[in-house]
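For reference, the structure is listed below as C-alpha cells.
2 protein chains.
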Amino acid sequence: MFKIITEDGNARIGKLKTRHGTIETPFFMPVATRAVGKYIGSEDYKKIGVDAIISNSLILSFNPSLEVIKKAGGIHKFMNFNKVIFTDCGGFQVSRDSFSSKQVEKGIYFKNPYDKSNHFITPKRSMEIQQTIKSDVAVSFDDMAPYGSNKKRFEKAVERTHNWAKESLKYHKDKKQLLFGISQGGFHKDLRKKSARDINSLDFDGVAIGGVAIGEPKNEMYLAVKSALPHISKNKPRYVMGVGSPQDIVEMISLGIDCFDSIFPARGARHGTIFTSKGKIALNKGKYKLDLSPLDKECCCYTCKNYSKSYLRHLSKINEPEGMRLKTHHNIHFMMNLIKDIKKAIKKKS
Amino acid sequence: MFKIITEDGNARIGKLKTRHGTIETPFFMPVATRAVGKYIGSEDYKKIGVDAIISNSLILSFNPSLEVIKKAGGIHKFMNFNKVIFTDCGGFQVSRDSFSSKQVEKGIYFKNPYDKSNHFITPKRSMEIQQTIKSDVAVSFDDMAPYGSNKKRFEKAVERTHNWAKESLKYHKDKKQLLFGISQGGFHKDLRKKSARDINSLDFDGVAIGGVAIGEPKNEMYLAVKSALPHISKNKPRYVMGVGSPQDIVEMISLGIDCFDSIFPARGARHGTIFTSKGKIALNKGKYKLDLSPLDKECCCYTCKNYSKSYLRHLSKINEPEGMRLKTHHNIHFMMNLIKDIKKAIKKKS
Numbered sequence: 001m002f003k004i005i006t007e008d009g010n011a012r013i014g015k016l017k018t019r020h021g022t023i024e025t026p027f028f029m030p031v032a033t034r035a036v037g038k039y040i041g042s043e044d045y046k047k048i049g050v051d052a053i054i055s056n057s058l059i060l061s062f063n064p065s066l067e068v069i070k071k072a073g074g075i076h077k078f079m080n081f082n083k084v085i086f087t088d089c090g091g092f093q094v095s096r097d098s099f100s101s102k103q104v105e106k107g108i109y110f111k112n113p114y115d116k117s118n119h120f121i122t123p124k125r126s127m128e129i130q131q132t133i134k135s136d137v138a139v140s141f142d143d144m145a146p147y148g149s150n151k152k153r154f155e156k157a158v159e160r161t162h163n164w165a166k167e168s169l170k171y172h173k174d175k176k177q178l179l180f181g182i183s184q185g186g187f188h189k190d191l192r193k194k195s196a197r198d199i200n201s202l203d204f205d206g207v208a209i210g211g212v213a214i215g216e217p218k219n220e221m222y223l224a225v226k227s228a229l230p231h232i233s234k235n236k237p238r239y240v241m242g243v244g245s246p247q248d249i250v251e252m253i254s255l256g257i258d259c260f261d262s263i264f265p266a267r268g269a270r271h272g273t274i275f276t277s278k279g280k281i282a283l284n285k286g287k288y289k290l291d292l293s294p295l296d297k298e299c300c301c302y303t304c305k306n307y308s309k310s311y312l313r314h315l316s317k318i319n320e321p322e323g324m325r326l327k328t329h330h331n332i333h334f335m336m337n338l339i340k341d342i343k344k345a346i347k348k349k350s
Numbered sequence: 001m002f003k004i005i006t007e008d009g010n011a012r013i014g015k016l017k018t019r020h021g022t023i024e025t026p027f028f029m030p031v032a033t034r035a036v037g038k039y040i041g042s043e044d045y046k047k048i049g050v051d052a053i054i055s056n057s058l059i060l061s062f063n064p065s066l067e068v069i070k071k072a073g074g075i076h077k078f079m080n081f082n083k084v085i086f087t088d089c090g091g092f093q094v095s096r097d098s099f100s101s102k103q104v105e106k107g108i109y110f111k112n113p114y115d116k117s118n119h120f121i122t123p124k125r126s127m128e129i130q131q132t133i134k135s136d137v138a139v140s141f142d143d144m145a146p147y148g149s150n151k152k153r154f155e156k157a158v159e160r161t162h163n164w165a166k167e168s169l170k171y172h173k174d175k176k177q178l179l180f181g182i183s184q185g186g187f188h189k190d191l192r193k194k195s196a197r198d199i200n201s202l203d204f205d206g207v208a209i210g211g212v213a214i215g216e217p218k219n220e221m222y223l224a225v226k227s228a229l230p231h232i233s234k235n236k237p238r239y240v241m242g243v244g245s246p247q248d249i250v251e252m253i254s255l256g257i258d259c260f261d262s263i264f265p266a267r268g269a270r271h272g273t274i275f276t277s278k279g280k281i282a283l284n285k286g287k288y289k290l291d292l293s294p295l296d297k298e299c300c301c302y303t304c305k306n307y308s309k310s311y312l313r314h315l316s317k318i319n320e321p322e323g324m325r326l327k328t329h330h331n332i333h334f335m336m337n338l339i340k341d342i343k344k345a346i347k348k349k350s
C-alpha cells in the first residue's frame, strides 16, 4: 500500500496505492472543501496536473447531502475528478464559529450553517459519511483543541482522539478506502509524543499530524511536528494537515513528511500574493501596472503562458472572478512544480 | 468591407472584414465590459469558438486606463483575445447611476466611479479613446435618452446623436478600425425613421440601432427596430445593441439584423437560468438535485460534456464562482450554436 522508493536523509520518495491509482509521495493537495476549489475546479486541477485533492466530508454531508453524492456514485464522479481524493473528517470545523460545535465524550455536536439543523457526529457517523462519499483516503474522527487551550484541554483531546481513532477503525468497513489516523497533542512535546505513539500503534494506513497551522507561531508548529515525527513508523505515510507555505513544505519534506494540504496558495492568490521562482510578489502594487511580463518567467502554467502581470493586476484590482481563477491556477501550479523539483533533488542525492 | 453572400427573405448571411479577420454575419457578441467577461474570460471564449466580443471603451479608459492598454499594444494583446473586438462608446453609461452623468450640447460629463474624478467626453474624445484601445469596430458617440423620457427629450437625443455622429466621423483617423454609427429615436416611429436616415446618410461602415433593451416592453422594442430598419441601406451591416434573448435574436435575424450583443445569456446563467434545446430551465429547482444528466443532452460544450445538473446545481446553490463560470460557458455556447443553426437554415432555404 505504501512503499518507500528513495531516501535522502529523512526525506523520502514513496508510492501510495489507492483505488484511484498510485500516487508518488511527497504530494500537496489543493483544498476542494465543497467538491470544488474556491474559484477553480476539476478542469484546472487536470490542466495543472494535480494528483490529489482534499474535500470536507462533514460539509459535503450538509450540502449537497450524502443522498446527492451517493446518487452520483461518489465524489469522483460527482465532481468529475478521477485522481486521488482525501476527505477530512470534519473535526477541524470546531475551529469555525459558524458551525457552533460542542465536543463531548462520544462525539461533536455541529450546527449545519446552511439550514441551522443540529447534528451529532461520532466516529461511527464520520466513517459512514466518508465511506458514502467514497474518498480514496478517509481520516479518523478527532478532537482538536483550539490554539491557546490549557494543557488539560489538550490532554483531553489526546485521550478522546485516541478513543475515537479506535472507534473509527471499528466502524470503517470499506477495505478499498484507505484510513489514516489523526494524532493531536497541541504544542506540548510530551502530548505530541503520546498521541503519535497511540495512533501509530493502531492499524491505520497512514498517520496524520493534526491540530497545527491553527494560528500558532512557526516555532510551536515545528515543535509539534518534530515531537510527533519520531514516533510514527518510517514505513507509514506521514501527513501534516493544513500546511502550507512553500518554505514549510520544503522544510517538512526534509523532516520526512509525505503529504500536505493547505488553502494557503489559493488564499494568497486571491489576495494578490503570487509565488514565483524569485520569491513572493504582491501583484496589486503599482509597479506592475505596465509590466507586460508573465507572473513568473520560468513558469509554464496556463496563466503565465497567456497573460501579463499588467492584465492580471487589472483583474485583481477590480476583483474579477476570472482573475481569481487565473491567479489561483498559477499558485497551485507553483506548488506542484515545487514538489517536483524537491523530488528531483531527493532522487539526485540519494 | 461588408458583403452579403446569402439571403432568405430579409435574413441574410454576410462577411464583415476587420483587421482581426473576416467574421460571418449574423453574429452575437458576449459582453466583456472590462476586457474580461463576468466569471469567464478569453480562455472560455476561445474554447466556445466566440468570434467577436464587445468591451466598453469609457470604462476601460477609467480602469485600467488608456496608458495600460496602450502599453500592451491594444486590447487584443492586453486580454489575449485575437478575434474581433467591438468597443461601445460609453454613451450607454448614462443609464447607470454610479457614473452620475450629465448630457450637454457638446458631450457628456461622467464621474469615474472608481476614483470619483470627473471627465467630459466629447465625440472627439470618444474617438481618441476607442482608437487607443484599438478595437476592430468602434461606434460613434451618441446621446441616449432613458426609457420613459418625453418626446422632446428623444428629439433632442436624435439631434445631438446626429451632430455627434458627424463629429465622430471627423475625428476618426484610424482607417484600419471600422466605425459604426449609432441611431437613436426612442420609441417613436418618426424619430426612429429620422435618426436611421440621418445616420445611414453618413459615411459609416455599419449602422447600429441603440437605445433599445433599456427597460421597455417587447412591442416597443420591435416598434423601434422595425421603424429604423427600412431606412438603413441593405448593403450595410446592421447592429441592434443590447439584444438579447434567443427568441429576440431569431426574430431579429429574420428582420435582417446582422449583429448583436447582450449580457442576457451570462446574467441568466449566473441566476441559474439555463438555455437548452428544449427551452429554458431553472437549475436551482429541487427537481434537478439528483439529476445526473447534462444541462442539455444535445449540447457539446465543455460544461455539458463534463458535469451533471446535480453537480452544477450544487455549485449554483452555494454561489461558487467555478459554477458561475461553467453555467455562463454553457449559455454563451448555446447562443453561438443557435446562430450557427439559424445560418444553416438561411443557407438551406436560399
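As given, the protein sequences belong to chains B and C, one line each in that order. Sequential numbering from 1 applies to the first sequence in my numbering. Sequential numbering from 1 applies to the second sequence in my numbering. Just so you know, even glycine gets a beta-carbon here, dropped at the ideal spot from N, CA and C.
Sufficient close CB pairs (3 or more, under 8 Å) joining the segment 188-195 of chain B to the segment 225-242 of chain B:
The segment 188-195 of chain B and the segment 225-242 of chain B touch, with no fewer than 3 CB-CB distances between them shorter than 8 Å.
C:A165 and C:G181 closer than 7 Å at C-beta:
Residue mapping note: residue 165 of chain C aligns to position 165 of the second sequence, counting from 1. Residue mapping note: residue 181 of chain C aligns to position 181 of the second sequence, counting from 1. With contacts defined by Cβ atoms closer than 7 Å, C:A165 and C:G181 form a contacting pair.
Where do the N-terminal and C-terminal ends of the alpha helix (DSSP H) with B:G206 fall, by residue?
As a position in the first sequence, residue 206 of chain B is number 206, starting the count at 1. Run containing B:G206: none in the alpha helix (DSSP H); it sits in the beta strand (DSSP E), G206 to I209.
Assuming B:E251 is part of the alpha helix (DSSP H), what are its boundary residues?
For this step, residue 251 of chain B is matched to residue 251 along the first sequence. From DSSP, the alpha helix (DSSP H) with B:E251 extends over P246 to L255.
Nearest-angstrom Cα distance between C:K46 and B:E322?
Translated into the one-based positions of the second sequence, residue 46 of chain C becomes position 46. Translated into the one-based positions of the first sequence, residue 322 of chain B becomes position 322. Approximately 14 Å, taken between the alpha carbons.
Put C:C304 into one of helix, strand or coil per three-state DSSP.
As a first step, residue 304 of chain C must be located in the second sequence, where it is residue number 304. Helix.
Where C:K285 falls: helix, strand or coil (DSSP)
Reading the second sequence from its first residue, position 285 is the one you call residue 285 of chain C. C:K285 falls in the coil class under three-state DSSP.
Which residues in chain C have a C-beta closer than 9 Å to the C-beta of B:F62? List them in chain order.
By 1-based counting over the first sequence, the position of residue 62 of chain B is 62. Within chain C, not a single residue places a beta-carbon under 9 Å from that of B:F62; the smallest gap is close to 10 Å.
Mind listing the chain B neighbours of C:K71? Cutoff is C-beta to C-beta under 8 Å, in chain order.
Residue 71 of chain C sits at position 71 when you count from the first residue of the second sequence. The contacting residues are L290, L292 and S310.
Can you find a CB in chain B that lies within less than 7 Å of the CB of C:H172?
One-based indexing of the second sequence puts residue 172 of chain C at position 172. By this cut-off, C:H172 is not an interface position.
Cβ distance (whole Å) where C:F2 is taken to contact C:P265 below 8 Å:
Numbered from 1 along the second sequence, position 2 holds the residue referred to as residue 2 of chain C. Numbered from 1 along the second sequence, position 265 holds the residue referred to as residue 265 of chain C. About 25 Å separates the two Cβ atoms, so there is no contact after all.
Roughly how far, in whole angstroms, is the beta-carbon of B:I332 from the beta-carbon of B:I48, given that I think they are within contact range, below 8 Å?
Within the first sequence, the letter at position 332 stands for residue 332 of chain B. Within the first sequence, the letter at position 48 stands for residue 48 of chain B. 6 Å between Cβ atoms; contact.
Does the distance from the C-beta atom of C:D261 to that of C:I129 stay below 7 Å?
If you number the second sequence from 1, residue 261 of chain C lands on position 261. If you number the second sequence from 1, residue 129 of chain C lands on position 129. For the pair C:D261 and C:I129, the CB atoms are not nearer than the 7 Å cut-off.
Helix or strand or just coil, what does DSSP make of B:R34?
Taking the first residue of the first sequence as position 1, residue 34 of chain B is located at position 34. When secondary structure is reduced to three states using DSSP, B:R34 falls in the coil class, being assigned neither helix nor strand.
For C:I75 and C:E43, the rounded distance between their alpha carbons
As a position in the second sequence, residue 43 of chain C is number 43, starting the count at 1. As a position in the second sequence, residue 75 of chain C is number 75, starting the count at 1. Rounded to whole angstroms, C:E43 to C:I75 spans 15 Å at the Cα level.
Output, in chain order, the set of chain B residues within a Cβ distance shorter than 7 Å of C:L315.
Mapped onto the second sequence, residue 315 of chain C falls at position 315. Those are V36, listed as they occur along chain B.
Under the three-state reduction of DSSP, which class applies to C:G41: helix, strand or coil?
Numbered from 1 along the second sequence, position 41 holds the residue referred to as residue 41 of chain C. Note: C:G41 maps to coil in three-state DSSP.
At the level of alpha carbons, what is the spacing between B:V212 and B:K38?
Position 212 of the first sequence, counted from the start, is the residue given in the question as residue 212 of chain B. Position 38 of the first sequence, counted from the start, is the residue given in the question as residue 38 of chain B. Distance between the alpha carbons of B:V212 and B:K38 is about 22 Å.
Quick one: any contact between the segment 66-75 of chain B and the segment 95-115 of chain B, if contact means 3 or more CB pairs under 8 Å?
Short answer: they don't touch.
Distance check for B:Y311 and C:F78, CA to CA, integer angstroms please.
Position 78 of the second sequence, counted from the start, is the residue given in the question as residue 78 of chain C. Position 311 of the first sequence, counted from the start, is the residue given in the question as residue 311 of chain B. Using only the alpha carbons, I get a separation of about 6 Å.
Distance CB(C:T6)-CB(C:I339) smaller than 7 Å
Within the second sequence, numbered from 1, the residue matching residue 6 of chain C stands at position 6. Within the second sequence, numbered from 1, the residue matching residue 339 of chain C stands at position 339. Between C:T6 and C:I339, the gap from beta carbon to beta carbon reaches 7 Å or more.
Taking only beta-carbon positions, decide if C:G41 is within less than 7 Å of chain B.
For the purposes of this step, residue 41 of chain C is taken as the residue at position 41 of the second sequence. With 7 Å as the cut-off, C:G41 counts as an interface residue toward chain B.
I need the straight-line Cα distance from C:I133 to C:L178, nearest angstrom please.
Position 133 of the second sequence holds residue 133 of chain C. Position 178 of the second sequence holds residue 178 of chain C. Rounded to the nearest whole angstrom, the CA to CA distance from C:I133 to C:L178 is 13 Å.
First through last residue of the beta strand (DSSP E) which encompasses C:R238
Position 238 of the second sequence, counted from the first residue, corresponds to residue 238 of chain C. Counting along the chain, the beta strand (DSSP E) containing C:R238 begins and ends at R238 to V240.
Can you give the Cα-Cα distance for B:Q247 and B:S277, rounded to whole angstroms?
Here residue 247 of chain B is taken as the residue at index 247 of the first sequence, counted from 1. Here residue 277 of chain B is taken as the residue at index 277 of the first sequence, counted from 1. For B:Q247 and B:S277, the gap between their C-alpha atoms comes out near 12 Å.
C:L255 to C:N10, Cα distance in whole Å?
Taking the second sequence and counting its residues from 1, the one referred to as residue 255 of chain C is at position 255. Taking the second sequence and counting its residues from 1, the one referred to as residue 10 of chain C is at position 10. If you draw a straight line from the Cα of C:L255 to the Cα of C:N10, it is about 5 Å long.
Residues of its chain near B:S308, where Cβ-Cβ distance is below 8 Å and the 5 sequence neighbours each way are ignored
Translated into the one-based positions of the first sequence, residue 308 of chain B becomes position 308. Beyond the five residues adjoining it in sequence on each side, B:S308 comes within less than 8 Å, by CB distance, of D291, L292, S293 and P294 in the same chain, given in chain order.
Helix, strand or coil, according to DSSP, for C:M351 in the structure here?
Since the first residue shown for chain C is 1 and the last is 350, residue 351 of chain C is missing from the structure and cannot be characterised.
Members of the segment 318-330 of chain C near chain B, C-beta cut-off 8 Å
Within the segment 318-330 of chain C, the qualifying residues are I318, E320, P321, E322, G323, M324, R325 and L326.
Tell me whether C:F27, by its Cβ, gets closer than 6 Å to a heavy atom of the ligand SAM.
What this structure holds is no ligand at all, so the ligand SAM is not there to describe.
Residues in the same chain with beta-carbon distance under 6 Å from B:G107, minus the five sequence neighbours each way, listed in chain order, please.
Numbered from its first residue, the first sequence carries residue 107 of chain B at position 107. Within the same chain, B:G107 has close Cβ partners F120, I121 and T122.
Output needed for C:M241: all residues of its chain with C-beta closer than 6 Å, excluding positions within five of it in sequence on either side, in chain order.
By one-based count along the second sequence, residue 241 of chain C stands at place 241. Counting only Cβ-Cβ distances below 6 Å, and skipping sequence neighbours, we find A208 and G210.
How close, in whole Å, do the beta carbons of B:I40 and B:T328 come, if the pair is a contact with beta carbons under 8 Å?
To locate residue 40 of chain B, count along the first sequence from 1; it is residue 40. To locate residue 328 of chain B, count along the first sequence from 1; it is residue 328. Indeed they touch by this definition, with Cβ atoms about 5 Å apart.
Going by the CB atoms, is the gap between C:T33 and C:N435 shorter than 7 Å?
With chain C running from 1 to 350 in the structure shown, residue 435 of chain C is simply not present.
Backbone secondary structure at B:K111 - three-state DSSP
Here residue 111 of chain B refers to the residue found at position 111 of the first sequence. B:K111 falls in the strand class under three-state DSSP.
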